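A.B. asks:
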Amino acid sequence: MTDEDRENWTLILTPAGEEWSGRARYAAAMYFYGRGEMSAEVLEIYRICSRLDREDAVDALQAYHMGESWIAKVREKRSELANLA
19 MTDEDRENWT LILTPAGEEW SGRARYAAAM YFYGRGEMSA EVLEIYRICS RLDREDAVDA
79 LQAYHMGESW IAKVREKRSE LANLA
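Using our numbering, the first residue of the sequence shown is number 19, and each one after it goes up by one.
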């Protein structure tokens, strides 16, 4: 994993509720979309949630039954980070 990948995973995993967290997650989502790791539909959910710091895009994806493979990646990365702590 490159430093840029690591930085963007850190951003996209920013907890909901932190100030500017929605925009940070959206910026990282654009990075992953540009790399072909995220669909346009998933990116759109991140865009919609970008101004809603308290809203986790992953929760919205689950509610709309979208982005299952992306949700699995996010869960995997969250688990990896939890094991490092």
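Glycine is no exception: its CB is placed at the ideal position from the N, C-alpha and C atoms.
Just so you know, these numbers come straight off a predicted model, no measurement behind them.
1) Along the chain, where does the alpha helix (DSSP H) containing Gly52 start, and where does it finish?
2) So the alpha helix (DSSP H) Ala34 belongs to, where does it begin and stop?
3) Quick one: which unbroken alpha helix (DSSP H) runs of 4-plus residues sit fully inside the region 74–100? Chain order, please.
4) Between Glu59 and Thr20, what straight-line distance do the alpha-carbon atoms span, to the nearest angstrom?
5) For Ile63, tell me which candidate among Ile30, Asn101, Leu99 has the shortest Cα-Cα distance.
6) Apart from the five residues just before and just after Trp38, which ones in its own chain have a Cβ nearer than 8 Å to its Cβ?
7) Which stretch, first to last residue, makes up the alpha helix (DSSP H) that contains Arg69?
8) Less than 8 Å between the CB atoms is what I'm expecting for Ser68 and Gly85, so what's the real figure, rounded?
C.D. replies: The relevant details are as follows:
1) As a position in the sequence shown, residue 52 is number 34, starting the count at 1. Per DSSP, Gly52 belongs to the alpha helix (DSSP H) from 39–52.
2) Residue 34 sits at position 16 when you count from the first residue of the sequence shown. Premise fails: Ala34 is in no alpha helix (DSSP H) and is neither H nor E.
3) 75–81
4) On the sequence shown, residue 59 is found 41 positions in, with the first residue counted as 1. On the sequence shown, residue 20 is found 2 positions in, with the first residue counted as 1. Their backbone Cα atoms lie some 26 Å apart in a straight line.
5) Position 45 of the sequence shown, counted from the start, is the residue given in the question as residue 63. With distances taken between Cα atoms, Ile63 lies closest to Ile30.
6) Residue mapping note: residue 38 aligns to position 20 of the sequence shown, counting from 1. Hits under 8 Å: Asp71.
7) Position 51 of the sequence shown holds residue 69. Note, Arg69: premise wrong, no alpha helix (DSSP H); not H, not E.
8) Here residue 68 refers to the residue found at position 50 of the sequence shown. Here residue 85 refers to the residue found at position 67 of the sequence shown. Not really, about 16 Å apart at Cβ, beyond 8 Å.
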